[in-house]
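2 protein chains.
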Amino acid sequence: MENYRTYLTEEEIPTHYYNLRADMPTKPAPLLNPGTHQPMTKDELVGVFCEELVDQELDNDTRFIEIPEEVRDYYKNYRPSPLVRAYNLEKKLGTPAKIYFKFEGNNTSGSHKLNSAVAQAYYAKKQGLKGVTTETGAGQWGTAMSMACSYFGLECDVYMVKVSYEQKPFRREVMRTYGANVTASPSNTTEVGKRLLEEFPDTTGSLGCAISEAVESAVTRDGYRYVLGSVLNLVLLHQSVIGLESKTAFEKIGVKPDIIIGCTGGGSNLGGLIAPFMGEKLRGEADYRFIGAEPTSCPSFTRGVFAYDFADTGHVCPLAKMYTIGSGYIPAPNHAGGLRFHGMSPILSQLYHDGMMEAVAYKQTEVFEAAETFANAEGILPAPESSHAIKAAIEEALKCKETGEEKVIFFGLSGTGYFDLKAYEQYNDGTMNDYTPTDEELAEAIATVPEV
Amino acid sequence: MENYRTYLTEEEIPTHYYNLRADMPTKPAPLLNPGTHQPMTKDELVGVFCEELVDQELDNDTRFIEIPEEVRDYYKNYRPSPLVRAYNLEKKLGTPAKIYFKFEGNNTSGSHKLNSAVAQAYYAKKQGLKGVTTETGAGQWGTAMSMACSYFGLECDVYMVKVSYEQKPFRREVMRTYGANVTASPSNTTEVGKRLLEEFPDTTGSLGCAISEAVESAVTRDGYRYVLGSVLNLVLLHQSVIGLESKTAFEKIGVKPDIIIGCTGGGSNLGGLIAPFMGEKLRGEADYRFIGAEPTSCPSFTRGVFAYDFADTGHVCPLAKMYTIGSGYIPAPNHAGGLRFHGMSPILSQLYHDGMMEAVAYKQTEVFEAAETFANAEGILPAPESSHAIKAAIEEALKCKETGEEKVIFFGLSGTGYFDLKAYEQYNDGTMNDYTPTDEELAEAIATVPEV
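Taken in sequence, the protein lines are chains U and L.
Going by the numbering used here, the first sequence opens with residue 12, and the numbers climb by one from there.
Going by the numbering used here, the second sequence opens with residue 12, and the numbers climb by one from there.
Right, here's the structure in full:
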């Protein structure tokens with residue numbers, strides 16, 4: 012019998028990130044200057060982002076980009092992550108399908124976010140910066156960035172979406188333990204925060220707003236740059252380690268997945284997971300079905316438009332061409348915090364637009380039902396975000412049960428739910444809501460997408 | 012360079028538990044009937060515990076006991092656990108010592124407790140029971156037992172020490188997610204609980220009291236037995252998988268530890284970690300220094316007496332010969348919850364009494380200081396319990412820095428601190444206390460040890 016867990020050796024940790032853009036026939040559209048609507052140049056971007064990260068963001072051609080040795084050394088603290096055969100889940104579902112997942116939650120940040128945080132902190136340090144600023148929704152990215160900054164000796168200022176700051180005080184303490192300064196967003200520490208608080212004093216915040224605050228805090232101080240944990244091309248580049256390790260592990264055990272599933276908020280997990288597989292598909296070397304699973308409360312892929320939009324509420328960031336439901340959309344306080352973003356990675360948006368992948372949306376309670384099924388079968392308590400992928404995988408496995416097909420279903424378990432117990436409590440108590448915007452609400456939000 | 016992490020293959024998961032008692036020249040003293048003060052017989056014990064577990068408890072002779080295939084299958088969900096070279100901690104301390112740790116926290120229970128929980132649930136199921144009752148302090152054991160019962164289809168009633176129940180509502184939700192019934196102890200659901208509440212209405216509870224309640228709940232109902240996560244010989248037997256895997260991993264990399272360190276409350280982690288190494292020492296095949304690290308707030312080894320005592324406050328359990336500070340001792344609400352037990356494993360107590368191992372006690376703030384040093388160096392946020400071992404390992408590593416010795420220091424990282432963020436918050440805020448009982452307080456508690 013095949014093993015439960017396939018671990019690569021440390022030598023098999025990828026030496027290079029894989030840049031999916033090099034294999035895309037239609038490249039993701041460039042970021043635009045919000046004032047001039049012209050493509051952002053390196054000179055414009057380096058005021059906000061670290062220089063080498065800007066190079067990575069703009070590079071649509073280099074297929075493989077070397078992972079610095081210092082970053083690989085940190086990866087060895089928690090990578091390679093296991094590829095797990097979900098025998099117990101298969102048995103519980105009574106499906107002939109083979110289910111696998113790549114488990115990215117076995118590190119203190121609790122998710123895949125650390126993969127990019129380490130790289131971004133490394134480049135910031137290399138550039139001689141004092142520190143970085145960033146935002147965090149559910150808290151995983153902020154925790155990851157705090158850990159990475161602590162390791163490389165950088166200051167780390169985190170703007171945390173207010174609803175998460177209040178619902179997840181423990182996340183805040185993890186960040187403080189790693190030396191970060193954590194501020195609830197919107198806050199009075201920035202101009203954009205002050206404006207928003209004046210207009211909506213009761214707002215629970217959003218990722219879009221926290222991004223605006225973090226960017227303002229970086230560009231108005233010497234020696235600081237802004238770092239972002241999703242959406243950007245450079246982030247998907249770093250997250251390709253997930254897919255690369257998965258591919259090597261599958262080759263080791265002689266298995267080829269038929270369906271590859273990931274949850275998707277800004278797209279960092281899904282983009283990293285599918286990258287090398289999608290590359291094969293784009294090059295005509297293999298075929299896979301790719302499915303992005305998102306919440307009905309924030310349905311960028313399934314109900315959004317493909318257009319240039321702001322990544323942030325304060326409109327200080329460049330415009331990105333992506334699936335979006337409008338930067339004016341302030342999502343309901345949905346506990347799957349990491350998926351509460353109105354837009355989607357330009358890379359994934361282009362691929363979706365080109366028909367290379369599918370998307371599904373799930374309600375919160377059905378996602379938690381899947382989470383509990385998974386937790387009881389496989390032991391691991393999943394993050395609400397990741398549970399969207401679990402739900403989609405279970406759906407596909409149940410289809411196989413009907414048809415008798417022995418498909419290989421592979422999903423990304425991007426994180427653990429140890430800091431989401433308030434949400435589990437609501438689910439256990441039967442008090443969880445299934446908020447989904449109406450067509451009118453959505454149309455109003457989409458109306459905030461600018462004409463470019 | 013040697014790898015950061017050494018993983019065994021699934022085939023290298025031990026097939027047998029190692030029973031250290033078989034190699035002990037002086038066996039641990041038998042449990043005594045609290046009424047007659049005669050050694051407990053199998054017939055007496057099977058009313059409380061599962062039958063095969065009683066056999067394991069009483070077996071001082073069989074060196075290796077087979078691990079059932081169903082238990083090994085579950086182990087594959089999270090084992091083998093990694094042996095980690097703490098390169099970053101070594102660098103941070105500037106020590107010539109080589110530091111290794113065995114990381115048992117990479118499962119949803121957050122600690123090594125799952126190793127015994129799975130075995131105990133398996134034997135309960137095999138015996139045809141409806142369910143089990145147990146107690147939990149910090150919550151790790153209750154979580155582990157909930158997970159194991161969910162897997163094997165058993166009911167699980169958990170009495171949770173009140174102070175933890177209130178400080179760790181999230182632990183409770185994890186248990187509920189795995190289908191357990193969780194009750195704050197002392198409670199009105201048992202006679203012993205009612206009595207204690209009458210006498211001390213404001214008590215924050217203790218492990219000793221929760222044990223009494225869980226035992227009463229098991230013996231007064233059909234189809235239930237009591238399960239315990241520490242102290243007992245059978246638990247140390249199951250936890251020997253930690254030491255066995257560690258030993259195999261060290262042999263693989265050709266390294267022999269000089270000093271082996273574990274935190275110790277009831278002794279399950281320390282006893283399992285050191286078992287095969289201590290066996291070598293007892294058989295004269297190798298020499299090691301063994302150090303148990305405990306909190307000054309509950310100093311059984313360092314300030315207790317070696318005597319027969321009750322394991323529980325209600326005095327319904329058998330008497331065990333052990334290092335104890337008295338079953339009447341109700342520890343201060345110390346956040347290192349898992350170490351808040353007045354007694355110590357009879358096996359470890361005998362070995363300590365025989366001069367085969369050492370013990371040290373640390374104050375809470377110095378333990379958290381060590382925890383933060385470790386977290387920032389190695390990434391992993393450690394449990395407060397485990398951080399006692401980290402503190403001892405750091406102390407030994409700093410001694411090596413002074414002497415220039417390149418000793419190999421090995422400690423057990425028994426769990427993660429994701430559910431201990433209130434304690435970290437206190438430490439970060441500077442409001443943590445260093446409660447240590449005075450000589451008078453301790454003498455008063457020790458006076459509750461019965462004359463046998």
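Don't be surprised by glycine CBs; every beta carbon is placed ideally from N, CA and C.
Values in this document were obtained by computation on a predicted structure and should not be read as measured data.
Exposure label - residue i; buried when at least 16 CB within 10 Å
i, result
"U:Q49", "exposed"
"L:D168", "buried"
"U:M4", "There is no way to answer for residue 4 of chain U, as the model of chain U reaches only from 12 to 463."
"U:P212", "exposed"
"U:A454", "exposed"
"L:R294", "exposed"
"U:N88", "buried"
"L:T307", "buried"
"U:V174", "buried"
"L:K267", "exposed"
"U:N99", "buried"
"U:D320", "buried"
"L:N118", "buried"
"L:I302", "buried"
Residue i - partner residues in DSSP beta bridges
i, result
"U:C309", "U:C309 is not bridged to any residue."
"U:C167", "U:V143"
"U:V193", "U:V169"
"L:F321", "L:L330"
"L:A370", "L:G303"
"L:R16", "L:V95"
"L:L293", "Bridge partners of L:L293: none, in fact."
"L:V316", "L:T335"
"U:Y29", "U:F75"
"L:T214", "None; L:T214 has no bridge partner."
Residue-level contact to chain U via CB, residue i, 8 Å cutoff
i, result
"L:A386", "yes"
"L:Y435", "yes"
"L:E449", "According to the sequence as given, residue 449 of chain L is Thr; it is not Glu. False, the Cβ-Cβ gap to chain U never drops below 8 Å."
"L:Y363", "no"
"L:E383", "yes"
"L:L248", "no"
"L:L293", "no"
"L:N14", "yes"
"L:Y429", "yes"
"L:T483", "Here chain L comprises residues numbered 12 to 463, so residue 483 of chain L is not present and cannot be evaluated."
"L:Y176", "no"
"L:T313", "no"
"L:L18", "Residue 18 of chain L is actually Tyr in this sequence, not Leu. Closer than 8 Å to some Cβ of chain U, the Cβ of L:Y18 qualifies, so yes."
Cβ of residue i within 8 Å of any chain L Cβ
i, result
"U:V185", "yes"
"U:I391", "yes"
"U:K87", "yes"
"U:E3", "The shown model of chain U, from 12 to 463, leaves out residue 3 of chain U, and the question about it has no answer."
"U:T470", "It is not possible to answer for residue 470 of chain U, since the shown part of chain U is limited to 12 through 463."
"U:F422", "no"
"U:F352", "no"
"U:N11", "Any question about residue 11 of chain U goes unanswered here, given that chain U covers just 12 to 463."
"U:T37", "no"
"U:L432", "yes"
"U:T194", "no"
"U:A189", "Strictly speaking, residue 189 of chain U in this sequence is Tyr, with Ala absent from that position. Yes - at least one Cβ of chain L is within 8 Å of the one on U:Y189."
"U:Y133", "no"
"U:Y28", "no"
Cβ-heavy atom distance, residue i to the ligand ATP, below 7 Å
i, result
"U:G428", "Absence of the ligand ATP is noted for the structure shown, with no ligands found whatsoever."
Chain C contact for residue i (CB, 8 Å cutoff)
i, result
"L:F181", "The structure shown contains no chain C; its protein chains are U and L."
* To do: Give, in chain order, every residue of the region 45-72 of chain L whose Cβ lies closer than 9 Å to some Cβ of chain U.
  => Cβ contacts with chain U come from no residue of the region 45-72 of chain L.
* To do: With 7 Å as the limit, tell me which residues of the region 100-127 of chain L have their beta carbon closer than that to any beta carbon of chain U; keep them in chain order.
  => Taking 7 Å as the Cβ-Cβ cut-off against chain U, the residues of the region 100-127 of chain L that qualify are N117, N118, T119.
* Selection of the region 144-172 of chain L by Cβ proximity to chain U, strictly under 9 Å -> So the close ones are M158, S161, Y162.
* Residues within the region 227-249 of chain L neighbouring chain U, beta-carbon criterion of under 8 Å -> The residues in question: there are none.
* Asked: Are the region 405-425 of chain U and the region 115-124 of chain U touching by the rule of at least three beta carbon pairs closer than 8 Å?
  -> Yes, since at least three Cβ pairs between the region 405-425 of chain U and the region 115-124 of chain U fall closer than 8 Å, the two stretches touch.
* To do: Determine contact between the region 376-383 of chain L and the region 401-414 of chain L, defined as no fewer than three beta-carbon pairs at a distance below 8 Å.
  => Under the Cβ criterion (8 Å, minimum of three pairs), the region 376-383 of chain L counts as touching the region 401-414 of chain L.
* To do: Pair every Cβ in the region 150-163 of chain L with every Cβ in the region 185-196 of chain L, then say whether three or more of these pairs are closer than 8 Å.
  => A contact exists between the region 150-163 of chain L and the region 185-196 of chain L.
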